[in-house]
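What follows is a short report on a single structure.
Structural data, given as structure tokens:
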């Protein structure tokens, strides 16, 4: 089963070995410091590439926030339509771009809801495709460009569990959401701006009163609900 065209695919990277070595060196330098340092990012490659690299290749969990001063993440009760996402937990992502979305969307200054997803598809042969993304905020605030400078925290992955996969036609959907039911101390953090987010112009708008319809579309592969 193919995903509808509103799903976004991760931008292509050059696969530059020099970039990967630089990312590894930057991460190692940050981990040698105490108290979750802010990473001084001066590399020529986009920040999203660094974040995706550390998530994909260093097994780190990532958490995006507007608060740049978090020294300890403690489990909190979430408010989510899905069972896994509606627990008392520390939530994070196993994908760098998805975590960036939560860092740059300003839900402190703007009254909005968000609809978003990050998935990979495993087909009947066992091949895994993706990741694929959807990002949307309330239609009422989308024209106001409700973005901010935020922080992506790099967290140790040991205490996190992954959201169970769900069937999707002949495929299986692997969801990049993680949850820890114990407190987590960040390893490091990275400041990100709206212009660092590669899909800023592709963030959609949705009607708040129809959130269930959008959630159903994402889960079933249906078309994006049309404006009424």
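In our numbering, the protein residues as written are -19 to 208. We put the beta carbon where it would ideally sit given N, CA and C, even for glycine.
#1: Suppose you measure from the CA of residue -16 to the CA of residue 14; what does that come to, to the nearest Å?
#2: Comparing C-alpha positions only, which one of 182, 157, -1 sits nearest to residue 30?
#3: On the three-state DSSP scale, how would you describe residue 84?
#4: Is it buried or exposed, residue 27, if we count other Cβ atoms within 10 angstroms and call 16 or more buried?
#5: Run through the segment 150 to 186 for me and flag every whole beta strand (DSSP E) of 3 or more residues, listed as ranges in chain order.
#6: Roughly how many angstroms separate the alpha carbons of residue 176 and residue 132, rounded to a whole number?
#7: Bridge partners for residue 134 per DSSP, in chain order?
#8: Tell me the rounded alpha-carbon separation between residue 188 and residue 98.
#9: Which residue or residues does DSSP assign as beta-bridge partners of residue 199?
#10: Report the residue ranges of all alpha helix (DSSP H) runs contained in full by the segment 6 to 80; include only those spanning at least 4 residues, in chain order.
#11: Is the distance from the Cβ of residue 152 to the Cβ of residue 145 below 7 angstroms?
#12: For residue 93, collect the residues of the same chain with a Cβ closer than 7 angstroms to its Cβ; drop the 5 residues on either side in sequence, then sort them by chain order.
#13: Rounded to a whole number of angstroms, what is the C-alpha to C-alpha distance between residue 56 and residue 204?
Let's see:
#1: 45 angstroms
#2: -1
#3: helix
#4: buried
#5: 151 to 155, 157 to 160, 168 to 172, 184 to 186
#6: 12 angstroms
#7: 42, 168
#8: 20 angstroms
#9: In DSSP, residue 199 forms no bridge with anything.
#10: 27 to 37
#11: yes
#12: 118, 188, 191
#13: 31 angstroms
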